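Undergrad: In the numbering used here, the protein residues as written are 139 to 348.
Please see the structure below; I have some questions.
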């Protein structure tokens with residue numbers, strides 16, 4: 139979640155502490171209430187599949203809460219969508235963990251590292267806020283210290299971080315987690331009441347592409 143944006147997290151945490159409420163049905167999902175339009179719409183890959191972009195931040199409790207439900211949704215819909223992760227960078231301090239993600243991409247260990255990195259920061263409260271502590275974490279995942287250092291400092295990572303920042307601005311990203319569907323719809327966690335409703339709105343947007 140971006141600095142200063144706590145409404146989505148508070149709502150999700152309150153959801154865990156109270157009896158479940160009746161969530162909205164697809165007919166109840168409306169632009170401006172549950173999702174927003176990207177203005178102007180952004181280009182998407184050809185081929186007929188719906189592009190879904192997830193803007194996330196590892197040091198984001200809401201992202202961590204939503205991640206298991208999102209992963210299950212992806213497993214069910216993998217054949218019909220193009221899914222991409224992208225670090226949300228709306229604040230300078232979000233750059234560091236964006237570099238960690240792209241270092242994992244450079245090393246082709248992003249799928250192996252993604253979940254454990256969330257758990258380390260959000261469940262175990264590890265302070266992975268320096269290159270050295272990140273290198274130790276990556277070593278625990280089977281990555282040599284020097285290999286991580288080379289990737290973390292690489293031009294590839296620097297370029298990817300700049301691209302993520304520019305794309306985030308184009309999509310109007312103001313916090314994390316935020317999902318962009320088909321280059322046209324923006325789903326922000328602050329607009330829903332629970333992880334389940336987040337997935338329901340996402341599913342609705344994917345199935346109702348123009």
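Glycine included, each C-beta is placed from N, C-alpha and C at the ideal position.
Keep in mind the model is a prediction, meaning the values are calculated, not measured.
(1) Below 8 Å between beta carbons: does that hold for residue 315 and residue 194?
(2) Write down every uninterrupted run of the beta strand (DSSP E) in the stretch 218-259 whose length is 3 residues or greater and which is fully enclosed by it, in chain order.
(3) At what residues does the beta strand (DSSP E) containing residue 342 begin and finish?
(4) Helix, strand or coil: how does DSSP classify residue 325 here?
(5) Of the choices 169, 223 and 204, whose alpha-carbon is the least far from that of residue 327?
(6) Would you kindly report the start and end of the unbroken alpha helix (DSSP H) that includes residue 290?
(7) Measuring only the C-alpha atoms, how far is residue 188 from residue 346?
(8) Nearest to residue 290 by CA position, among 182, 245 and 177, is which residue?
(9) Give me the Cβ distance between residue 176 and residue 342, rounded to the nearest whole Å; I'm assuming they're in contact under 8 Å.
(10) So what's residue 174 in DSSP terms, helix, strand or just coil?
(11) Which residues in the same chain have their Cβ closer than 6 Å to the Cβ of residue 172, if we skip the five residues on either side of it in sequence?
(12) So, at 6 Å on beta carbons, what are the nonlocal neighbours of residue 248 in its own chain, with the 5 sequence-adjacent residues on each side left out?
(13) Using DSSP bridges, identify the partner residues of residue 194.
(14) Return the residue from the list 273, 325, 211 and 214 that minimises the CA-CA distance to residue 235.
(15) By Cβ distance, which residues of its chain are closer than 6 Å to residue 223, with the 5 residues on each side in sequence left out?
(16) On the premise that residue 238 lies in contact with residue 212, defined as a C-beta separation below 8 Å, what is that separation, rounded to the nearest angstrom?
(17) Helix, strand or coil, according to DSSP, for residue 188 in the structure here?
(18) Quick one: grab the DSSP three-state call for residue 311.
(19) In terms of DSSP beta bridges, what is residue 316 paired with?
(20) Is the distance from the Cβ of residue 219 to the Cβ of residue 303 below 8 Å?
TA: This is what the structure holds:
(1) Yes, they are a contact pair.
(2) 219-225
(3) Segment 333-345 is the alpha helix (DSSP H) holding residue 342; no beta strand (DSSP E) there.
(4) strand
(5) Per the Cα distances, 204.
(6) 283-290
(7) 10 Å
(8) It is 245 whose Cα lies nearest to the Cα of residue 290.
(9) Residue 176 to residue 342, Cβ: 16 Å. No contact.
(10) Residue 174 sits in a strand when the DSSP states are folded into three classes.
(11) 329 and 339
(12) 242
(13) 225
(14) 273
(15) Answer for residue 223: 192, listed in chain order.
(16) About 21 Å; that fails the 8 Å criterion.
(17) strand
(18) coil
(19) 193 and 326
(20) no
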